[in-house]
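> Numbering (the numbering used here), first residue to last: 130 to 303.
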């Protein structure tokens, strides 16, 4: 499938699946904005050379946060994209603290492309932290994000620079 068609289909699928979701915080920003940000970070970091990765960026939260199954993604977008999404999907049956601990522990063993999605996801999340969070909660999120990002180092300098820049800006504002 043509890369532009693949990415467009993934964006449309993700927008439909996340249609009623909003980001945390008082702003209630449409969740699709986060997906677009992740996909854009991946497109820029790969200079447009990996349409499958960009499509997976659009779809990275569909299994975790919607009624979409891995099998459905594999049928619609192929085994490669379904596997990438599965690799970055948390087990929502676990408590939040355990999921976060496992991300720190397991990220270094992920494939390079999954690490790129994870780093783009972290960067996007740091860019859009809810402005109604308390300073302590924001500080804890930055510390956790740094630990997860450490497991992604050495994969893509553009994504690392983007993460480091937003993390430094966020810390300076604390």
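Using N, Cα and C, we set each Cβ at its ideal position, and we do this for glycine too.
Keep in mind that this is a model prediction, so the values were computed, not measured.
So residue 303 and residue 170 are in contact, right, with Cβ under 8 Å, and what is the actual spacing, rounded?
With 8 Å as the limit, residue 303 and residue 170 do not qualify as a contact, their Cβ atoms being about 23 Å apart.
> With the cut-off set at 9 Å, would you say residue 255 and residue 217 are in Cβ contact?
No, Cβ-Cβ distance for residue 255 and residue 217 is not below 9 Å.
> Write down every uninterrupted run of the alpha helix (DSSP H) in the stretch 224 to 259 whose length is 4 residues or greater and which is fully enclosed by it, in chain order.
The qualifying runs are 225 to 235 and 241 to 256.
> Is it the case that the Cβ atoms of residue 139 and residue 246 are separated by a distance below 9 Å?
Result no, Cβ atoms of residue 139 and residue 246 do not sit closer than 9 Å.
> Under 9 Å, do residue 189 and residue 223 count as touching if we go by C-beta distance?
Contact: no.
> Beta-carbon within less than 6 Å of residue 183's beta-carbon, same chain only, minus the 5 sequence neighbours each way: which residues are those?
Only 136, 168, 171 and 172 meet the Cβ criterion.
> Starting from residue 286, trace the alpha helix (DSSP H) in both directions and tell me its first and last residue.
Run containing residue 286: 286 to 302, per the alpha helix (DSSP H) assignment.
> Pull up the DSSP beta-bridge partners for residue 151, would you.
BP columns for residue 151 point to 159.
> Comparing C-alpha positions only, which one of 187, 300, 241 and 134 sits nearest to residue 160?
Checking every option, the nearest Cα to that of residue 160 belongs to 187.
> Which residue from 292, 261 and 279 puts its Cα closest to that of residue 152?
Minimum Cα distance to residue 152 is reached at 261.
> Can you tell me where the alpha helix (DSSP H) with residue 199 in it begins and where it stops?
From DSSP, the alpha helix (DSSP H) with residue 199 extends over 199 to 206.
> Ignore the nearest five residues each way along the sequence and tell me which others in residue 244's own chain have a CB closer than 6 Å to its CB.
Once the five neighbours on either side are set aside, the close Cβ partners of residue 244 are 281 and 284.
> Give me the Cα-Cα distance between residue 156 and residue 194, rounded to the nearest whole angstrom.
Near 20 Å, if we compare the C-alpha coordinates of residue 194 and residue 156.
> For the alpha helix (DSSP H) containing residue 192, name the first residue and the last one.
From DSSP, the alpha helix (DSSP H) with residue 192 extends over 191 to 194.
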